Amino acid sequence: MPVEPLPTGEYRVIQQRQPDPHQPGAPVHPSGGPAGVLAYTEPDRAAAHGGVVAAAAAAEAREAGNWSIGDFRLATMLIGTIVGGGIALTNGSKDERLIFVIVAALLGAASGEAFGFGLSRWAEVRRMHRIVKRRVWFSLLTVIAVAAGLVAATPLLLPEVAGGNGQAVIEAHNLTARGIAISALAIIGGLPSAATLAAVKQVAADPLPGTPGQQLDALLRLRRMCARMLSQLGILVLLVMGVNAAARTVGIDLDPGVVIFSGVVASFVVGTMYAPTAATLRRRGQIFVERHFALDHVPVAELVDAAENKGKLEKLLSLDQTTFGELKAGLVVLSPVVAGAVALMIQNLK
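So the number in this note's numbering is just where the residue sits in the sequence shown, counting from 1, plus 272.
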């Protein structure tokens, strides 16, 4: 029978046959399939002969030489804060620029945190599925091209930014340079999330391996992952609008439409990242529900309960949502931005 060593040097007989963390044994592996590889916890490690205390000391020694996720996130946030604040400080006017510097620094911090968060989610998806990197690069280049094209088209779509007369052209050009730098900072922060969303689209495009339970667990995890990334990107959209609003108090007086236009551009770029993945993930979830929760052969007496359970599952997988609905829920500023853009168009038509 198995025994357990006591601190006094004696041994105690273990009555129940169950894994004993005080004895050496084989490590416990996570469950197979996509549900196991997407787990946020590491597999349990067997303790050495020295007991749990020695195993904990060995784990601390291993972690002491490596950076934790929190340390990496903190480093990226600090770098982003410094870059964002430095860009704002390039403004020559020292009057009323405090708010502009603060909001730009917050945008840099959010961009750095989003960068680290996206890299962590990228590592999770790579453990789940073999990712074709050229498809990811194609998605990234598409996002960059869309963002760069919209930023470059700003003077054409908003002539007030380019300067309508000769005296305002130089000042507008300087402000546009800072705006380009801040926009690039926000785009860089969102690139890992864009790559992860492209990878999730690849995972959802192929049939998921494993049992129905493992497939459902993987779908739910992917859905939560995408929702969290959309929330991160929504913060960037909000701060991009905040930076442009704060910039109106620095330098030349900009048209209020600049703030709305920046929100439209940022929201459109996020939609370019998110929409293909959301559609593919909903399609994979719909196939799963139709395959494993069909109502064709359910007895009439159990039909209502089966339909209710199916509806609950569809809600969990967000099959009752549209892409615009998900974007509106994740981007808190999307509805005000759309309303402001419509109001601005109506005002310009008068």
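Cβ atoms here follow ideal geometry from the backbone N, Cα and C, with glycine treated the same way. In this text the structure is predicted, and so the values were computed from the model without any measurement.
Sort the options by Cα distance to residue i and report the nearest one.
i: Ala550; options: Lys582, Leu599, Arg520, Asp568; result: Leu599
i: Arg402; options: Ser455, Leu480, Pro427; result: Leu480
i: Gly514; options: Arg398, Asp478, Arg393, Ala376; result: Ala376
i: Gln558; options: Ala419, Leu588, Ala573; result: Leu588
i: Ala360; options: Arg500, Thr353, Phe372, Leu350; result: Phe372
i: Gly597; options: Ala547, Arg563, Asp568, Lys584; result: Ala547
i: Ser534; options: Pro427, Leu391, Gly358; result: Pro427
i: Leu378; options: Thr348, Gly602, Val537; result: Thr348
i: Ser455; options: Gly357, Ala420, Ala477; result: Ala420
i: Ala519; options: Arg369, Ser411, Gly358; result: Arg369
i: Ser503; options: Glu580, Val572, Leu491, Ala382; result: Ala382
i: Gln399; options: Ala490, Leu429, Ala573; result: It should be pointed out that residue 399 corresponds to Arg in this sequence rather than to Gln. Nearest of Ala490, Leu429, Ala573 to Arg399, Cα basis: Ala490.
i: Gly529; options: Leu429, Arg563, Ala424; result: Leu429
i: Val542; options: Gln486, Gly482, Ala470; result: Ala470
Using a Cβ-Cβ cut-off of 7 Å (strictly less than) and excluding sequence neighbours within five positions of residue i, which residues of its own chain qualify?
i: Glu586; result: Val561, Asp592
i: Val531; result: Met513, Asn516, Ala517
i: Leu391; result: Pro464
i: Leu494; result: Val472, Val475, Ala476, Leu553
Among the residues of its own chain, which have a CB less than 6 Å from the CB of residue i, if the five just before and after it don't count?
i: Lys582; result: Phe565
i: Ser303; result: Any reading at Ser303 must be qualified, since the residue scores a pLDDT of 42, below 50, and its modelled position is unreliable; the value itself is stated next. Hits under 6 Å: none found.
i: Val537; result: Leu422
Looking only at its chain, what residues have a beta carbon closer than 8 Å to the beta carbon of residue i, apart from the 5 residues adjacent to it on each side?
i: Arg393; result: Pro464, Ser465, Thr468, Met497, Arg500, Met501
i: Asp478; result: His401
Inter-stretch contact at 8 Å, needing at least 3 Cβ pairs: the region 498 to 510 / the region 386 to 393: yes
Does the region 397 to 417 come close enough to the region 459 to 469 that 3 or more CB-CB pairs lie under 8 Å? yes
Three or more C-beta pairs below 8 Å linking the region 449 to 462 and the region 343 to 358: yes
Quick check on the DSSP output: what are the complete beta strand (DSSP E) runs of length 3 or more inside the region 510 to 594, in order along the chain? none
Report the residue ranges of all alpha helix (DSSP H) runs contained in full by the region 356 to 434; include only those spanning at least 4 residues, in chain order. 370 to 400, 405 to 424, 426 to 429, 431 to 434
Ignoring anything shorter than 3 residues, give me the beta strand (DSSP E) runs that lie fully in the region 451 to 510, in order along the chain. none
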